[in-house]
Amino acid sequence: MKNFIKLIIITCLTSSTTFGQLFSTQSGETSFFSETPVENISGVNKTVGAILNTSTKEIAVSMKMTAFDFPNKLMQEHFNENYIESDKFPTGLFKGKIVEDIDLTKNGTYDVTAKGQLTLHGITQAREIKGKLTVDNQKITLTSNFDVKLVDHKIDVPKLVFSKIAEVIAVKSKYIFSPYVKK
1 MKNFIKLIII
11 TCLTSSTTFG
21 QLFSTQSGET
31 SFFSETPVEN
41 ISGVNKTVGA
51 ILNTSTKEIA
61 VSMKMTAFDF
71 PNKLMQEHFN
81 ENYIESDKFP
91 TGLFKGKIVE
101 DIDLTKNGTY
111 DVTAKGQLTL
121 HGITQAREIK
131 GKLTVDNQKI
141 TLTSNFDVKL
151 VDHKIDVPKL
161 VFSKIAEVIA
171 VKSKYIFSPY
181 VKK
(Lines of atoms letter the chains of each structure in order from A and count residues from 1; the text may use other names and numbers.)
(Lines give C-alpha, C1' and ligand atoms only; values in the text may rest on other atoms or scores of the structure.)
Protein backbone atom coordinates (compact mmCIF):
# COMPACT_ATOMS: atom_id res chain seq x y z
CA MET A 1 0.00 0.00 0.00
CA LYS A 2 2.76 2.45 0.95
CA ASN A 3 4.61 1.81 -2.31
CA PHE A 4 1.36 2.12 -4.27
CA ILE A 5 0.63 5.55 -2.77
CA LYS A 6 4.21 6.62 -3.42
CA LEU A 7 3.90 5.51 -7.04
CA ILE A 8 0.69 7.50 -7.51
CA ILE A 9 2.24 10.65 -6.04
CA ILE A 10 5.39 10.35 -8.15
CA THR A 11 3.37 9.67 -11.30
CA CYS A 12 1.22 12.76 -10.67
CA LEU A 13 4.22 15.01 -10.17
CA THR A 14 6.63 13.70 -12.79
CA SER A 15 4.59 13.91 -15.94
CA SER A 16 6.75 16.71 -17.38
CA THR A 17 9.83 16.90 -15.23
CA THR A 18 13.05 15.19 -14.29
CA PHE A 19 13.81 13.54 -10.96
CA GLY A 20 16.45 16.21 -10.18
CA GLN A 21 13.63 18.68 -9.45
CA LEU A 22 11.87 16.43 -6.94
CA PHE A 23 12.28 16.57 -3.18
CA SER A 24 10.66 14.02 -0.88
CA THR A 25 10.26 12.79 2.67
CA GLN A 26 8.88 9.62 4.24
CA SER A 27 9.22 10.97 7.78
CA GLY A 28 7.08 14.09 7.65
CA GLU A 29 5.13 14.99 10.77
CA THR A 30 1.46 15.93 10.99
CA SER A 31 -0.28 16.45 14.31
CA PHE A 32 -3.74 17.55 15.35
CA PHE A 33 -5.31 18.98 18.48
CA SER A 34 -8.94 19.06 19.59
CA GLU A 35 -9.62 21.35 22.55
CA THR A 36 -12.85 21.34 24.55
CA PRO A 37 -13.67 22.21 28.17
CA VAL A 38 -14.21 18.49 28.85
CA GLU A 39 -11.16 16.91 27.21
CA ASN A 40 -8.22 17.65 24.94
CA ILE A 41 -7.36 15.13 22.24
CA SER A 42 -4.12 15.06 20.28
CA GLY A 43 -2.47 12.75 17.80
CA VAL A 44 0.77 12.75 15.84
CA ASN A 45 1.86 10.90 12.70
CA LYS A 46 5.63 10.87 12.07
CA THR A 47 5.57 8.72 8.93
CA VAL A 48 3.93 11.10 6.47
CA GLY A 49 5.08 10.81 2.86
CA ALA A 50 5.35 13.97 0.78
CA ILE A 51 6.90 15.03 -2.49
CA LEU A 52 7.60 18.52 -3.84
CA ASN A 53 8.42 19.41 -7.42
CA THR A 54 10.52 22.60 -7.27
CA SER A 55 10.04 23.25 -10.99
CA THR A 56 6.23 23.10 -11.15
CA LYS A 57 5.69 23.86 -7.42
CA GLU A 58 3.34 20.89 -7.15
CA ILE A 59 3.11 19.14 -3.80
CA ALA A 60 1.50 15.88 -2.74
CA VAL A 61 1.14 14.53 0.79
CA SER A 62 -0.04 11.07 1.84
CA MET A 63 -0.54 9.71 5.33
CA LYS A 64 -1.77 6.45 6.73
CA MET A 65 -4.50 7.32 9.24
CA THR A 66 -3.68 4.38 11.53
CA ALA A 67 -0.15 5.77 11.96
CA PHE A 68 -1.35 8.53 14.30
CA ASP A 69 -0.15 7.99 17.87
CA PHE A 70 -2.22 9.16 20.84
CA PRO A 71 -1.57 9.67 24.56
CA ASN A 72 -3.66 6.56 25.27
CA LYS A 73 -4.89 3.50 23.38
CA LEU A 74 -8.59 4.26 23.87
CA MET A 75 -8.26 7.60 22.04
CA GLN A 76 -6.45 5.86 19.18
CA GLU A 77 -9.10 3.15 18.99
CA HIS A 78 -11.97 5.65 18.93
CA PHE A 79 -10.19 7.81 16.31
CA ASN A 80 -9.64 4.88 13.94
CA GLU A 81 -12.88 2.94 14.49
CA ASN A 82 -15.54 5.56 15.26
CA TYR A 83 -14.50 8.84 13.65
CA ILE A 84 -11.99 8.49 10.80
CA GLU A 85 -13.08 4.90 10.05
CA SER A 86 -9.56 3.96 8.98
CA ASP A 87 -10.66 0.56 7.71
CA LYS A 88 -12.85 2.28 5.06
CA PHE A 89 -10.70 5.39 4.58
CA PRO A 90 -7.09 4.38 5.32
CA THR A 91 -5.33 7.39 3.80
CA GLY A 92 -5.39 11.17 4.12
CA LEU A 93 -4.20 13.04 1.02
CA PHE A 94 -3.38 16.54 -0.13
CA LYS A 95 -2.47 17.35 -3.71
CA GLY A 96 -1.90 20.94 -4.72
CA LYS A 97 0.35 23.64 -6.06
CA ILE A 98 2.18 26.55 -4.43
CA VAL A 99 0.62 29.67 -5.94
CA GLU A 100 3.34 32.24 -5.24
CA ASP A 101 5.80 33.12 -7.99
CA ILE A 102 9.00 32.16 -6.15
CA ASP A 103 12.16 30.35 -7.18
CA LEU A 104 12.33 27.25 -4.98
CA THR A 105 15.92 26.60 -6.07
CA LYS A 106 17.17 29.74 -4.25
CA ASN A 107 17.97 29.72 -0.53
CA GLY A 108 15.57 31.70 1.63
CA THR A 109 12.40 31.59 3.68
CA TYR A 110 9.10 32.15 1.92
CA ASP A 111 5.47 32.53 2.99
CA VAL A 112 3.54 30.20 0.70
CA THR A 113 0.00 29.12 -0.06
CA ALA A 114 -0.75 25.70 -1.51
CA LYS A 115 -4.03 25.56 -3.39
CA GLY A 116 -5.36 22.06 -3.92
CA GLN A 117 -7.53 19.18 -2.75
CA LEU A 118 -7.60 17.72 0.78
CA THR A 119 -9.10 14.25 1.13
CA LEU A 120 -10.06 12.96 4.58
CA HIS A 121 -12.65 10.34 5.51
CA GLY A 122 -13.25 9.78 1.78
CA ILE A 123 -14.38 13.38 1.22
CA THR A 124 -12.35 15.72 -0.99
CA GLN A 125 -12.51 19.47 -0.39
CA ALA A 126 -10.80 22.36 -2.17
CA ARG A 127 -8.35 24.00 0.25
CA GLU A 128 -5.84 26.81 0.42
CA ILE A 129 -3.23 26.00 3.05
CA LYS A 130 -0.77 28.66 4.14
CA GLY A 131 2.71 27.75 5.27
CA LYS A 132 6.34 28.72 5.54
CA LEU A 133 8.93 27.15 3.26
CA THR A 134 12.67 27.38 3.91
CA VAL A 135 15.19 26.44 1.22
CA ASP A 136 18.68 25.73 2.56
CA ASN A 137 20.89 24.23 -0.16
CA GLN A 138 19.62 20.67 -0.71
CA LYS A 139 17.13 20.73 2.18
CA ILE A 140 13.64 22.21 2.04
CA THR A 141 11.52 22.56 5.19
CA LEU A 142 7.79 23.22 4.95
CA THR A 143 5.61 24.02 7.97
CA SER A 144 1.91 24.80 8.08
CA ASN A 145 -0.91 25.32 10.55
CA PHE A 146 -4.53 25.04 9.43
CA ASP A 147 -7.96 24.00 10.66
CA VAL A 148 -10.20 21.16 9.56
CA LYS A 149 -13.95 21.29 10.20
CA LEU A 150 -15.29 17.80 10.92
CA VAL A 151 -18.53 18.58 9.06
CA ASP A 152 -16.56 19.36 5.85
CA HIS A 153 -15.41 15.73 5.72
CA LYS A 154 -18.61 14.16 7.09
CA ILE A 155 -16.88 12.98 10.25
CA ASP A 156 -19.73 12.22 12.63
CA VAL A 157 -19.35 12.54 16.39
CA PRO A 158 -21.96 10.72 18.49
CA LYS A 159 -24.06 13.07 20.65
CA LEU A 160 -22.92 11.20 23.76
CA VAL A 161 -19.31 12.39 23.30
CA PHE A 162 -19.93 15.57 21.27
CA SER A 163 -18.77 17.79 24.17
CA LYS A 164 -15.40 15.97 24.21
CA ILE A 165 -14.45 16.64 20.58
CA ALA A 166 -14.06 20.05 18.96
CA GLU A 167 -15.98 20.77 15.75
CA VAL A 168 -12.83 22.35 14.31
CA ILE A 169 -9.51 20.52 14.63
CA ALA A 170 -6.17 22.37 14.61
CA VAL A 171 -3.61 20.69 12.33
CA LYS A 172 0.16 21.29 12.25
CA SER A 173 2.58 19.88 9.71
CA LYS A 174 6.34 19.84 9.31
CA TYR A 175 8.06 18.20 6.37
CA ILE A 176 11.81 18.18 5.80
CA PHE A 177 12.46 17.35 2.16
CA SER A 178 15.67 16.11 0.59
CA PRO A 179 16.38 15.43 -3.10
CA TYR A 180 14.37 12.49 -4.37
CA VAL A 181 16.48 9.45 -5.20
CA LYS A 182 14.93 6.87 -7.50
CA LYS A 183 15.23 3.41 -5.94
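Mapping of the sequence shown onto UniProt numbering: residues 1 to 183, in sequence order. Heads up, the beta-carbon is just placed ideally off N, CA and C, and yes, glycines get one too.
Asked	Found
Locate the beta strand (DSSP E) running through residue 64, then write down its first and last residues.	58 to 64
What is the rounded straight-line gap between the Cα of residue 167 and the Cα of residue 150?	6 Å
Just the C-alpha distance for residue 132 and residue 148, rounded to the nearest angstrom, thanks.	19 Å
Using a Cβ-Cβ cut-off of 8 Å (strictly less than) and excluding sequence neighbours within five positions of residue 16, which residues of its own chain qualify?	Bear in mind that a pLDDT of 44 at residue 16, under 50, signals an unreliable position, so the number given afterwards is only what the model happens to contain. Counting only Cβ-Cβ distances below 8 Å, and skipping sequence neighbours, we find 56.
Using DSSP bridges, identify the partner residues of residue 131.	112 and 144
Name the residue from 48, 181, 82 and 38 whose alpha carbon lies nearest to the alpha carbon of residue 154.	82
Who does residue 86 pair with in a DSSP beta bridge?	According to DSSP, residue 86 bridges with nothing at all.
Ignore the nearest five residues each way along the sequence and tell me which others in residue 28's own chain have a CB closer than 6 Å to its CB.	48, 50 and 175
Short check: CB of residue 91 to CB of residue 63, under 8 Å?	yes
Taking residue 174 as part of the beta strand (DSSP E), name the residues at either end of that continuous run.	168 to 179
If you compare alpha carbons, which of 99, 97 and 67 is closest to residue 84?	67
Whose C-alpha, out of 21, 37, 23 and 65, is nearest the C-alpha of residue 31?	65
Which same chain residues, not among the five before or five after residue 136, have their C-beta less than 7 Å away from its C-beta?	107
In the DSSP output, which residue or residues are listed as bridge partners for residue 44?	31 and 69
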